[in-house]
Structures are given as C-alpha cells and as structure tokens.
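Chains as they are written, first to last, in this note's numbering: chain A, -8 to 278; chain B, 14 to 360.
Even for Gly, the Cβ is constructed at its ideal location relative to N, Cα and C.
Shown next, in structure tokens, is the structure this report addresses.
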C-alpha cells in the first residue's frame, strides 16, 4: 500500500498529465481557422518563448500539438489558432467560450529571440505560418527597441484566407514595421499584390550580416523562399524555420516527429537553415 | 558471495521459492515457438529456447499502458494511474538484457518517462547465458551481446549438472541468500565456467561481414544505397519487425471513453514507424512516404542515430525482426549488402 502511494505522488508530476484550462474567448477568423484564448488553471501561467507549442487535450478525442500564437509578453492567457483539418481539430472547433481543455507544455525550442537582438528581421509567412509567427511579431512589438527594422511578408491563397491581417496593419501604424501581403488569387476588392510570396523577396532591402529571416509556411514554400534569401546572402544560421510534424508525446519518445536522428518536438520545431541542410531526406522543407 | 552454484535437481524448488517472492515470468513453449508467460507450473519454464515471439518488453513497456484516468466534468480528476507490482523476469537472454539497457537509456534521457522508470524499478532480472546459437537468425556475436555485460540481478550459466549464478546486485543476492541448496561456487565450478566461456569463443563468430565500426560507416555513406529500394520493394508494411524488436518503443496515444461518455482512460499503445500514416500530419503531408524510406528509418534507428546520440547500437542481435518478417527481409543480409555494395540474394 505504501508503495502505491509513493508512486501516485511521483505520478502527479507526470509529463503526460495535462493542466485544466478554460477557453475564455473563441471566434472564427476564416471559414477554416478558429482563434482561442485560453486561461490556465490556478493562475499558473506557462513560461514559454515565441515559437514553442503545447499539446492540447480533449478527453475522449485525444491530443494534438498546437503552436502558441500569443507572446510571453501577453500576460495571463495563451492564444491558439487552429485550422479544422482532422478529427481532433474538428472537435476543437466545436468548443467555445467557457469550455475546458487540457494543456501540456510548453514544448520544443522557440525562435532564437536573444540572438536576434540588434538585428533587422524579415518575417516570411505563408498561409498558416503566420500563426506561430504572430507569437514572434507580438514579442517584437512589445520589445520594439531591442530590434532593427522589421518587415513582414505575408502570403495566402485568397484575400479571405488572410489571418490577423487587421491586427498586423495596426502594428504597422503604431511601430515601424513594414508589411507586404500577396495572394495567389485576388477577388474584385483586392488592391494588393497578386502572385507567389517569393516575388516579394527581391524587392526587400537587406544588410545580410545583420539580418535574420524567419520563414514559416507549408513545406512546399520553404525551398523557394530560402533560395531567394540565399540570393540576398543571408548566412545559413540566420535563416530560421519552424517545422510541422505529427507528435504524440512532446517528450522525444513516441517517435512520430523524428527527422533522421532528430526529434522535432525537443530539438525543434524551430531550426536554422544550417541544421536543415544536414538532413538527407525526410525533410520536405529542404528538398 | 559473488558466484553461487545451484544443482539442476533443485531448480524447480528455487523457482517455487522465486514464485513465492514476486510475480514470476519465464519463457514457455507455445506450439513451435516460445513466449514469456506468468509461471503457474514451474515445470513449464523453459531454459533453452529460441528468443520469445515478443521480447519481455511487454512487461516493462506494456503494449497498452494507462497514462491517465480522466473525467470530463468535473475536469479535475485527470490523475495518472500507477499500478505496479514487484516482478521477476526469469531466464532472460543476454540479447534481451541489452534491449532493456537500450530502453533505459532512451527513457531516462530527459524529459524522463515516469511510467517506464516506475515499472522498471519493480523489475528483477534473472538472465541465462546462451552457450550456443539459438538459431541462424541471431547476430549477437557482431553486436557483442552474446556474453553478459551487466544489466541483470542474477545470471545463470549452465555448466552441466549445475548452474553457476553470477550475483550482480543486492536485489539478486536477496534471492539466493539463505536458500539452503544454493551454495557459494567453489574453485572447481569457476574453472568449469572459464572452460565453458572459452569454448563459446569457437562457437560464436561475427555474423556481419565486417566489424561494427565498418557497419556504422556504411550507414553513414549508405543513405541513398540501392539496398533500401530492394528492401522497400519486398516489405509489406505489416510492422512485425518493430513489434518484436526489444528496442522499438514508438507509441501512439489513444483515449478510451466509458459508456457514460464522461470518464475514461488515456492509453499509450505500441505503434510502428512502418505504418503508412506514422509521419503524416493533419494537412495530409507525409514526411516518410514509401516503404523503402520507412525500412531505412528502422535500420538507421538501430545502427546510426542511437550511436550518434547515446554511443550505443540499438540492435541487440536477437534476430526477431528476421524471424518475424513475412517477406523474408533478413537483417544480417541487409547490413552485409549495405557494406558490400552488392544486391540482396533474394531481391
């Protein structure tokens, strides 16, 4: 009996045990993406960096890795934005204000914000890539004087797929941030760029030694964007990416997120291009 | 006492004694194969056996293991479950003990896995040294797992009329201390043990065509080698190789709701990197598409990645993956083909 109690005591700190968390705000951003603001139990607040992720639980439906899209400078809650893409996220979309979910984390290595101090930043977001990047952008906003110029290049399929567009424009007004957006297919009201995001990069003024480029988007986007950034002579280790993988534990055990010998959940999801280059396969973002 | 001796006629008596101390698992014959089973009748325990269908990992890393007990409303009951009891694994081959050592390394690497470590704490391992090959599938000499190298509490060696027992932990010593028919091994016993070990050197020969340094190198160079195409063409993606591997520990996490739809259990269950959705994300992108890539991944998880990470090979030479393969993919042949640059015989 004694043994059993000791074990239960130990298991209280089990990394598999999620925290009770409450959705305090929920709204659809587009037809497919929903925004959630979440408060964690007992006023505990996750200590996280921009670019890290959490495992979200809905009991009976499972658990999935979701990027945090708020900044650690946003106190008292975390934000998540989720595309309805599978059975778990479909269930998550049915939840709203007041509903309870489980949260484990944070996991992984986020964007290297400390290394970026005093540098210019080019942020390239394709589609859902803006979600983890919102965490970084908000962090930059709240620590604006630590960084040089900030340029955001945002690409999506059509104008109505644009996430956080309004929010980004607001940052632009308040702080020195350049924002450029392009869509694959315009609608009659669209007045901005039309075409691939890669077309925006040649026009960007870059001093490569003092510039970090942060790129997040669908796998297909990376190689083309990175090729353009390399033409601008940005060093490999200053090109930062964040990778999406299937994950079940977040602890470097379950094996699903592995790229060759690397567990993305522990060593990533943020990598620099120097690390990415070493992968010989299993990394569609590079090949 | 470091070495003890047990007369064979007293073996069953000792097994009864072990059974009285904790839950006892031992190999047992099942049709033409062997399986680890709880010992009911001590006569059924087999000391001479071909590696069991499933390695003893099923006891310290169960195929389906509870991670959490949860209630949706109110939420707060999401409490992890711990249900462990002391158990003894009896007659474990040295290859499987090497497998346990690999799992230890993987689960102790931070963040630690408390479920595995708690279970492992309750385990007593009694090994048995193989004096000849179990069958032709084993590659334990190449992996140097055919001789005991720690990781056990007691190790038995059959020297004819007796077993010599190497006592390797206090936990182990407690199981032989004060047992009237287990005596300290004498000088004569030790001489026989030396002789038996010496004889073994002529029986076990490296199965790979070159040493492990060369194997490691071949994996470094061979990522795009044609052997992976050959293996991928034959593989039927059944996942047998990973289920039976003593060092495969990939898992999936699933929830099981009871009929009330308010409470349930969260389990982790064995999963296999050979399954086609293993590395697929919700958007549909599959990062390890193709059986050739998934087989290559399995081999690299034995012969390259863990060596870089832990300085340890995660192949124990037990031969189970070759034995269990429905398509006849043989580990020794594959590794040799990778090194020789040749084609597989039956490709």
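Partner residues on chain B for residue i, Cβ-Cβ distance less than 7 Å
i                    : result
residue 76 (chain A) : 295, 296
residue 91 (chain A) : 88
residue 80 (chain A) : 295
According to DSSP, residues forming a beta bridge with residue i
i                     : result
residue 168 (chain A) : A:141
residue 209 (chain A) : Partner(s): none; residue 209 (chain A) has no beta bridge.
residue 78 (chain B)  : B:281
residue 36 (chain B)  : B:100
residue 233 (chain A) : A:261
residue 29 (chain A)  : A:14, A:69
residue 50 (chain B)  : B:39
residue 293 (chain B) : B:299
residue 276 (chain A) : The partner list for residue 276 (chain A) (beta bridge, DSSP) is empty, contrary to what the question assumes.
residue 62 (chain A)  : BP columns for residue 62 (chain A) are empty, so no partner.
residue 49 (chain A)  : A:53
Closest by C-alpha distance to residue i, when choosing among the options
i                     : options                    : result
residue 227 (chain A) : A:249, A:240, A:200, A:248 : A:200
residue 98 (chain A)  : A:260, A:12, A:277, A:269  : A:260
residue 139 (chain B) : B:315, B:148, B:101, B:71  : B:101
residue 43 (chain B)  : B:307, B:34, B:63          : B:63
residue 148 (chain B) : B:75, B:179, B:217         : B:217
residue 197 (chain B) : B:180, B:205, B:212        : B:180
residue 202 (chain A) : A:59, A:49, A:139          : A:139
residue 30 (chain A)  : A:65, A:55, A:249, A:208   : A:65
residue 112 (chain B) : B:83, B:144, B:170, B:325  : B:325
residue 151 (chain B) : B:131, B:193, B:107        : B:107
residue 184 (chain B) : B:135, B:23, B:25          : B:135
residue 165 (chain A) : A:32, A:190, A:132         : A:132
residue 331 (chain B) : B:343, B:189, B:124, B:339 : B:343
residue 204 (chain B) : B:225, B:192, B:177, B:229 : B:177
residue 53 (chain A)  : B:235, B:351, B:278, B:233 : B:278
residue 252 (chain A) : B:284, B:312, B:265, B:14  : B:312
residue 146 (chain A) : A:179, A:180, A:209        : A:209
residue 233 (chain B) : B:105, B:162, B:321        : B:321
residue 150 (chain A) : A:73, A:185, A:130         : A:185
residue 317 (chain B) : B:207, B:236, B:30         : B:236
residue 45 (chain A)  : A:69, A:23, A:51           : A:69
residue 10 (chain A)  : B:256, B:66, B:128, B:83   : B:83
residue 8 (chain B)   : B:51, B:110, B:126         : Residue 8 (chain B) cannot be examined here, being either before or after the span of chain B that is shown, 14 to 360.
residue 175 (chain B) : B:213, B:141, B:292, B:345 : B:141
Within chain E, the residues that residue i reaches when beta carbons sit closer than 7 Å
i                     : result
residue 264 (chain B) : Although the question refers to chain E, the structure presented lacks it and instead comprises the protein chains A and B.
Residue i: contacting residues in chain A (beta-carbon distance under 7 Å)
i                     : result
residue 286 (chain B) : 246
residue 270 (chain B) : 51
residue 324 (chain B) : Those within 7 Å of residue 324 (chain B) in chain A number zero; the least Cβ separation is about 13 Å.
residue 301 (chain B) : 273
residue 291 (chain B) : 247
residue 30 (chain B)  : Those within 7 Å of residue 30 (chain B) in chain A number zero; the least Cβ separation is about 22 Å.
residue 318 (chain B) : 251, 252
residue 244 (chain B) : The contacting residues do not exist; residue 244 (chain B) stays about 15 Å from chain A at best.
Proximal chain B residues relative to residue i, where beta-carbon distance stays under 9 Å
i                   : result
residue 7 (chain A) : 80, 81, 93, 126, 127, 128, 266, 279, 281
Interface partners of residue i on chain A, CB under 8 Å
i                     : result
residue 100 (chain B) : Those do not exist, as residue 100 (chain B) stays about 13 Å from chain A at its closest Cβ, beyond 8 Å.
residue 274 (chain B) : 51
residue 306 (chain B) : 272, 273
residue 257 (chain B) : What residue 257 (chain B) touches in chain A: nothing, since even the nearest Cβ is about 16 Å away.
9 Å Cβ cut-off: residues of chain A touching residue i
i                     : result
residue 60 (chain B)  : Within chain A, no residue comes near residue 60 (chain B); the closest Cβ sits about 31 Å away, beyond 9 Å.
residue 321 (chain B) : 252
residue 236 (chain B) : 251, 271, 272
residue 240 (chain B) : Simply none; closest approach about 15 Å.
residue 313 (chain B) : 251, 252
residue 345 (chain B) : In chain order: nothing, as chain A lies at least about 23 Å away.
Partners in chain B for residue i, counting only beta-carbon separations shorter than 8 Å
i                     : result
residue 242 (chain A) : 124, 126
Residue ranges of each alpha helix (DSSP H) run of no fewer than 4 residues wholly in the segment 141 to 228 of chain B, ordered along the chain? 153 to 156, 183 to 186, 200 to 216
Output needed in chain order: residues of the segment 209 to 236 of chain A with a Cβ under 7 Å from some Cβ in chain B. 210, 235, 236
Near-chain B residues of the segment 260 to 276 of chain A - C-beta to any C-beta below 8 Å: 271, 272, 273, 274, 275
In chain order, what residues of the segment 49 to 71 of chain A put their CB closer than 7 Å to some CB of chain B? 50, 51, 52, 53, 54
Which residues, in chain order, does the segment 104 to 124 of chain B contribute to contact with chain A at a C-beta distance below 9 Å? 119, 120, 122, 123, 124
What residues in the segment 15 to 31 of chain A have a beta carbon less than 7 Å from any beta carbon of chain B? So the list is empty, because no residue satisfies the distance condition.
Could you tell me which uninterrupted alpha helix (DSSP H) segments, each at least 4 residues in length, are contained entirely in the segment 325 to 355 of chain B, listed from first to last along the chain? List check, alpha helix (DSSP H) in window: 333 to 337, 344 to 353.
Against chain A: residues of the segment 194 to 207 of chain B by CB proximity under 7 Å: none
Segments of 3+ residues assigned as beta strand (DSSP E) that fall wholly inside the segment 82 to 159 of chain A: 91 to 98, 111 to 117, 141 to 147
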